[in-house]
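Encoded as structure tokens, the structure appears first; notes follow it.
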Amino acid sequence: HNNVPLMMGWVTGDALLFGKPDISAEKFKQQANEKYGINAAAYLEIFPADNNEQAELSQSRINLLSFAGFPAYLLAGYNSKPSFIYQSSYVPTDKPGFPDYGAFHTSEVPYALHTLHLWKRPWKKRDYDMQELMSTYWIQFIKKGNPNVKGLPEWSPYNKTERAILEMGPTTILKPAFLKKEFDLLQQLAHDK
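The opening residue of the sequence shown carries number 28 in the working numbering; numbering runs sequentially from there.
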């Protein structure tokens, strides 16, 4: 890859790209044991399956991280230039007569590109505030290779020590060591294969 500043991230609804998990606790544990062998206990500690609901939640989390989070983590670790990672849990205002998909895949894009006016939704002030925040970060990153600008929450580049990820949601906040245990485990499991 080219060593250039990167901005990358995901929305929490990206896990639904794989469909809603329908897995029992028993099946989840069986798959963990078959796939990870001696590492299954460590896997089940971070992705527990004490009951069916918990197994489905863990499956959803592993789907999200495998698809979007872990690749961003790996790329940031190999990139010699600053990498800025975000997770968006921001849920757009519902569109009447349309299913509520929550923070669905690519739902952050019209905010980041300042194009809410092209969508037919009854936008609220909170949507326009999020559009201003995201698009300001994106524009600053395009101009300077660094999304930080006075007046917005500080967004540190991702590094293997602090492991800070910017959470963009009802509150935008930098989360140090966010998903550290999960990423460490996934890296170990990838290495042990």
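Just so you know, even glycine gets a beta-carbon here, dropped at the ideal spot from N, CA and C.
Rounded C-alpha distance that separates residue i from residue j
i	j	result
residue 34	residue 70	29 Å
residue 38	residue 44	11 Å
residue 154	residue 138	8 Å
residue 15	residue 192	Lying before the first or after the last residue shown, residue 15 is absent from the chain, which here runs from 28 to 220.
residue 216	residue 64	10 Å
residue 142	residue 58	43 Å
residue 163	residue 150	19 Å
residue 175	residue 73	33 Å
residue 205	residue 156	24 Å
residue 76	residue 110	33 Å
Residue i - containing alpha helix (DSSP H), residue span
i	result
residue 38	Not the alpha helix (DSSP H): residue 38 falls in the beta strand (DSSP E), residues 33 to 38.
residue 210	207 to 219
residue 101	97 to 105
residue 83	79 to 91
residue 140	Premise fails: residue 140 is in no alpha helix (DSSP H) and is neither H nor E.
residue 73	67 to 73
Start-to-end residues for the beta strand (DSSP E) that takes in residue i
i	result
residue 162	Element bounds for residue 162: not the beta strand (DSSP E) but the alpha helix (DSSP H), 152 to 171.
residue 50	Note, residue 50: premise wrong, no beta strand (DSSP E); not H, not E.
residue 113	110 to 115
Buried or exposed by the 16-neighbour rule on C-beta atoms within 10 Å, applied to residue i
i	result
residue 146	exposed
residue 119	buried
residue 80	exposed
residue 53	exposed
residue 40	buried
residue 194	buried
residue 46	exposed
residue 184	buried
residue 89	buried
residue 112	buried
residue 55	buried
Sequence-distant residues of the same chain with beta carbon closer than 7 Å to residue i, five excluded per side
i	result
residue 87	42, 48
residue 121	127
residue 60	67
residue 51	79, 82
residue 95	37, 41
residue 136	none
Neighbourhood of residue i by C-beta distance below 8 Å, restricted to the same chain and skipping five residues each side
i	result
residue 108	30, 31, 32, 33, 172
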